[in-house]
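Okay, structure first, notes after.
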Amino acid sequence: MSKQVKDALRLLLLTVVAGAALGVVYNVTKGPVAEAAQKKQEQAYKLVVPEADKYEEIDNTDYNDSNIESTMKPVLANAPGVHSDISVNKVLVGLKGDKVVGTVVNVTSHDGYNGDISYSVGVDAEGKVNKVELLSIAETPGLGMQAKTKPEHLEQYVGVASDNFTIVKDGTGNLKKDVKDKTEKIDSLSGSTITSKSINNGINAAVVTAKTVYSTPGLKTVGGVPIG
């Protein structure tokens, strides 16, 4: 057997062994990774709609995890505040006893500077943004990652009832305003307009989704609580 054939066989064997090892590692870690992601999401629900003592899905197949994106796609296409590629991933209704106190909407913006940005948005029964909690972001450190390291940016949305927030760069946004003085204008992250606009579009989409849920006749939670 020639040296070239032996070398090729050794390389093939090494590739097979490495592939098998990677497969074992993946199978061992995928469970804990998925569990950690689920736990992070559940923590986000409580952060964005803290008044709720339980979170229920909607008893309508159009609003379950499999179909919510397609249900909302034509609605978001006509929403004035949504100008980019957004996926609505999940909708939960926050309940305190049998009273609806808010809606949790998980969204993913697909046009971040470095790719997808996922987050939970809490919208109260009056259409005001409760809080925005990042689930996954990998933007540029010191620029787009300021969305995570500077929570005051996302705090600009809190307490405002709007589905048409806009990003401004002239300092006239909500960054230094009290809640009572807040408007639809959101100060951009310094040096990161792309990330700012990406997240902003997703927040608008989340509010539109929550309003759609609140205004659709006959919707109720899986526990039988009327939503509208």
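In our numbering, the protein residues as written are 2 to 229.
C-beta: ideal position from N, C-alpha, C; glycine also.
| Item | Value |
| --- | --- |
| Close Cβ partners of isoleucine 195 (< 6 Å) along its chain, the five nearest in sequence each way excluded | Tyr114 |
| Close beta carbons around glycine 116, own chain, < 6 Å, minus the five adjacent residues each side | none |
| Check whether glutamate 52 and valine 102 have beta carbons under 7 Å apart | yes |
| Assumed close pair lysine 183, valine 161 - CB separation to whole angstroms, cut-off 8 Å | 5 Å |
| Proximity below 7 Å, CB of valine 159 to CB of glycine 95 | no |
| Euclidean distance between Cα positions of valine 83 and aspartate 54 | 31 Å |
| Beta-carbon separation (whole angstroms), asparagine 205 vs asparagine 165, contact threshold 8 Å | 6 Å |
| 6 Å CB neighbourhood of aspartate 125 in its chain, flanking five on each side removed | Gly103, Asn131 |
| Close Cβ partners of glutamate 127 (< 8 Å) along its chain, the five nearest in sequence each way excluded | Ala162 |
| Tyrosine 215, enclosing alpha helix (DSSP H) - first and last residue | 194-216 |
| Beta-carbon proximity check, tyrosine 64 vs valine 105, cutoff 7 Å | no |
| Assigned secondary structure, histidine 111 (DSSP; H/G/I helix, E/B strand, else coil) | strand |
| Selected residue, minimal CA-CA separation from proline 81, among Pro218, Thr217, Glu185, Ser216 | Glu185 |
| Chain-order list of residues whose beta-carbon lies under 7 Å from that of leucine 176 (same chain, five-residue window excluded) | Glu153, Gln157, Asp188 |
| Serine 110 and isoleucine 87 closer than 7 Å at C-beta | yes |
| Pair within 7 Å by beta-carbon distance, glycine 192 and leucine 144 | yes |
| In chain order, each alpha helix (DSSP H) run of at least 4 residues that lies wholly inside the segment 86-163 | 147-150, 153-156 |
| Lysine 177 - DSSP class collapsed to helix/strand/coil | coil |
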